[in-house]
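For the first sequence, counting from 1, position 281 maps to 282 in my numbering; every step adds exactly one.
Every residue gets a Cβ at the ideal spot worked out from N, C-alpha and C, and that includes glycine.
Quantities reported herein were computed from a predicted structural model and do not represent experimental measurements.
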Amino acid sequence: MKIGYPCINWAVGCKADKTFRLQSYSEQRLIETVANNLHCLSKILVFNVEHNLLFFRITSDLVPFASHPICKVNWQLYFDSQLEEVGDLIKRKSIRISMHPDQFTLINSLDTRVFENSVKELFYHVQVLDLMGLDPSAKIQLHVGGVYGNKEKSTIRFIERFEKLDETLKKRLVIENDDINYNLQDCLKISAETGIPVLFDVFHHEINSSGETTKEAFKAFTKTWKKKDGLPMVDYSSHRIGESSRKHAESIRPEHFKQFLQETNPFDIDVMLEIKDKEKSALKAVQIALQDYRFKRALEGSVRQL
DNA sequence: TCACGTCAAGCAGAT
DNA sequence: ATCTGCTTGACGTGA
Numbered sequence: 002m003k004i005g006y007p008c009i010n011w012a013v014g015c016k017a018d019k020t021f022r023l024q025s026y027s028e029q030r031l032i033e034t035v036a037n038n039l040h041c042l043s044k045i046l047v048f049n050v051e052h053n054l055l056f057f058r059i060t061s062d063l064v065p066f067a068s069h070p071i072c073k074v075n076w077q078l079y080f081d082s083q084l085e086e087v088g089d090l091i092k093r094k095s096i097r098i099s100m101h102p103d104q105f106t107l108i109n110s111l112d113t114r115v116f117e118n119s120v121k122e123l124f125y126h127v128q129v130l131d132l133m134g135l136d137p138s139a140k141i142q143l144h145v146g147g148v149y150g151n152k153e154k155s156t157i158r159f160i161e162r163f164e165k166l167d168e169t170l171k172k173r174l175v176i177e178n179d180d181i182n183y184n185l186q187d188c189l190k191i192s193a194e195t196g197i198p199v200l201f202d203v204f205h206h207e208i209n210s211s212g213e214t215t216k217e218a219f220k221a222f223t224k225t226w227k228k229k230d231g232l233p234m235v236d237y238s239s240h241r242i243g244e245s246s247r248k249h250a251e252s253i254r255p256e257h258f259k260q261f262l263q264e265t266n267p268f269d270i271d272v273m274l275e276i277k278d279k280e281k282s283a284l285k286a287v288q289i290a291l292q293d294y295r296f297k298r299a300l301e302g303s304v305r306q307l
């Protein structure tokens, strides 16, 4: 069990998701920004390792406009060695990595242009992970997509489009249950057809499920991950106190997390804390998880590989 | 230096 | 119709 948080670290004093407006695009601007972002990503990862945070989601803004037609820079070649260097750090410290393309990335869109743009966006994500030299356990997580008034057809469209994707994409893609459209059962059905692993989002499941208990849910989705995929990933968060809304909590609720660890025993998973205050809550989670043998085992594994 | 309108992209639900 | 939430604030113009 590794614990991490997504994209942003407020403590290190730099940002790996720096971007700029499309209007102010220039090759120089892109190169400067990516150089900054990669440098900062290294700093964040070093911070993380020092604090036993061995799971991290790399921002999709690492290379701004990477899949936009305006981008003619061969950033893959230009940043080849820096990407490899970051990848070496990740491998040396056995850090688990995920990426999460944003809401515009839709495999099952009715609009084929949206689909085509999504494939380009996915290739960008895959290239980042490939150039870092990471194995297929570094995942790219997606939601199934829209319903478009017909869930069955939209599910079939997802499966058909997925099957035709390049193998380099398919080996890294995982689907995540969402809070409105496709719940755990919907994802499991798609997984049964395609073999795609299902990433479990605890918060979304609370809002949108078929009534499974946590144990039942864990029994089902963990099976969709094969050895080459690495440990099953889980997005953990809780909603804001006093609000039934879809908003994430500002900071971790220690008792809630403690209970989550107890409930999920003995399933071994990597936990991504989707909480506003980022590493601050993740550090609290680490303190709680130090009592858990699954977490201790992961730390020992990391130390052995130093 | 700072306020504030706006930012590549889609979808669904609430208001 | 318009706004909000999603991984989330922050870019950058105009004064």
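Only residues of its own chain outside the window of five on either side were considered, and among them Lys-172, Arg-173, Lys-229 and Asp-230 have a CB closer than 7 Å to the CB of Pro-137, listed in chain order. The criterion of a C-beta distance shorter than 8 Å is not satisfied by Ile-141 and Glu-194. Boundaries of the alpha helix (DSSP H) harbouring Arg-158: 152–165, taken from the DSSP string.
As DSSP reads the structure, Arg-58 sits in a beta bridge with Pro-7 and Ser-99.
In the structure shown, the three-state DSSP call for His-52 is coil.
Rounded to the nearest angstrom, the gap between the Cα atoms of Glu-51 and His-206 is 32 Å. Three or more pairs of CB atoms, one per stretch, sit closer than 8 Å, so the segment 37–46 contacts the segment 14–24. Membership of Gln-83 in the alpha helix (DSSP H) is indicated by the continuous run 81–93. For Tyr-125, there is no enclosing beta strand (DSSP E); the residue is part of the alpha helix (DSSP H) that begins and ends at 113–132.
Pairing Ala-139 with Gly-212, the inter-Cα distance amounts to about 30 Å. Between Trp-76 and Val-127 a beta carbon distance of about 14 Å is seen, past the 8 Å cut, so the two are scored as non-contacting. A distance below 7 Å between beta-carbons, with the five flanking residues on each side excluded, links Val-148 to the following residues of its chain, in chain order: Ser-155 and Asn-182.
In the three-state DSSP reduction, Asp-293 falls in the coil class, being neither helix nor strand. Counting only the Cα atoms, Ser-192 lies some 20 Å from Thr-214.
Per DSSP, reduced to three states, the secondary structure at Ile-197 is coil, with no helix or strand assignment. For Tyr-26, no pairing in a beta bridge is given by DSSP. Excluding five sequence positions before and after Asp-293, the CB atoms of its chain that fall closer than 8 Å to its own CB belong to Met-2, Leu-262 and Asn-266, given in chain order. Our two residues, Lys-285 and Arg-298, have alpha carbons roughly 18 Å apart in a direct line. Secondary structure of Glu-207 (DSSP, three-state): helix. Asn-109 and Glu-117 have their alpha carbons spaced roughly 11 Å apart.
Just measuring C-alpha positions, the residue of Cys-8, Arg-254, Ile-32 and Gly-5 sitting nearest Leu-78 is Ile-32.
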